[in-house]
Every structure is written in structure tokens, then in C-alpha cells.
Amino acid sequence: IEGDPAKKATWDDLADYLNRDWTDADGVCYGPAAIAIDAGYQSEHVKRFCARFTTKDGVRPIHVIGRSG
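Quick note: the sequence shown uses the numbering used here, first residue 12, plus one each step.
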């Protein structure tokens with residue numbers, strides 16, 4: 012999702028994307044089983060989104076920060 016993490020519209024776009032139905036090659040429909048969002052930039056916005064958002068299937072994202080090595 013492209014956009015400014017400080018803007019609500021960016022997070023609304025992400026929520027819409029995460030709530031869409033996905034179909035695999037066999038025609039099976041599913042949603043995400045787990046979601047992790049990098050909080051290394053604009054971490055407060057990421058943490059807020061993770062705290063308030065749950066997919067229509069009940070999956071809540073977690074915020075993560077990668078470390079080198």
C-alpha cells in the first residue's frame with residue numbers, strides 16, 4: 012500500500028486490502044491467517060492500527076521491527 016502512514020486514508024486502504032477475499036489456483040477462497048507490519052518507521056501509527064484493526068475473519072495484525080544479523 013503506497014501512502015503517507017500519518018494519513019488515515021492510507022490505513023483505510025490497507026484495511027480494505029487485508030479484508031478482501033483471496034482465491035487460489037484451485038478456486039478456494041480464503042483470508043490472511045497472520046499479518047505482521049514493520050514498525051521500524053512511523054511506529055506509533057503502525058501500533059495504533061494494529062491495536063484497533065481486526066480482519067473480518069478475526070485476524071489481528073502484530074507490529075514487528077527487524078534487526079540485522
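Even for Gly, the Cβ is constructed at its ideal location relative to N, Cα and C.
The structure displayed is predicted, hence computed values, not measured ones.
Own chain residues within Cβ distance below 7 Å of A50, not counting five before or after = V57, K58, H74, V75, I76
Pick from A47, Q53, Y52 that is closest to T66, judged by C-alpha positions = A47
message = Check for me: the alpha helix (DSSP H) holding D27 runs from which residue to which?
response = Boundaries of the alpha helix (DSSP H) around D27: 19-29.
ask   = To the nearest angstrom, how far is it from the Cα of A45 to the Cα of R78?
value = 20 Å
query = Which term fits W22, buried or exposed, when burial requires 16 or more other beta carbons within 10 angstroms of its beta carbon?
reply = buried
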